[in-house]
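Report on the structure given below.
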Amino acid sequence: MAVVGCSTDPVDLNRAFAEAQGFTFPLICDESGDVCKLFGAVGAVAIGAQKAKRITAVIRKDKSYEVINPFDARSGPRDLLSRL
């Protein structure tokens with residue numbers, strides 16, 4: 023299993039955010055929003071730029087996936103691990 027984040031922010035903002043949060047996993051910089059659209063994670067448009075919604079997508083080895091939306095940051099990780 024791997025954890026990957028995805029954001030519509032540019033590389034410099036994602037790098038600073040990941041460092042500030044102490045992330046040990048990579049963040050995809052999806053400035054076009056194409057990846058976010060695939061998973062239904064496109065939120066509101068703010069000042070001409072699409073913003074990603076916070077969701078969790080579990081992608082299986084067979085390429086099937088499940089989107090968990092909304093994802094509760096407090097209980098979500100524990101709930102997710104119980105599903106796997």
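Taken in order, the sequence shown gives residues 23 to 106; the numbers are from the numbering used here. C-beta atoms are modelled at their ideal positions from N, C-alpha and C, and glycine is treated no differently.
In the structure shown, what three-state DSSP assignment does residue 104 receive?
Residue state, collapsed to three classes: helix.
Distance, residue 93 Cα to residue 5 Cα
Because the chain here runs from 23 to 106, residue 5 falls outside it and cannot be looked at.
Just list the residues that DSSP pairs residue 74 with in beta bridges.
Under the DSSP definition of a beta bridge, residue 74 partners with 64.
What residue range is occupied by the uninterrupted alpha helix (DSSP H) comprising residue 89?
Taken as a continuous stretch (DSSP letters only), residue 89 belongs to no alpha helix (DSSP H), being part of the beta strand (DSSP E) at 87 to 90.
Between residue 74 and residue 65, is the Cβ-Cβ spacing less than 8 Å?
Residue 74 places its beta carbon less than 8 Å from that of residue 65.
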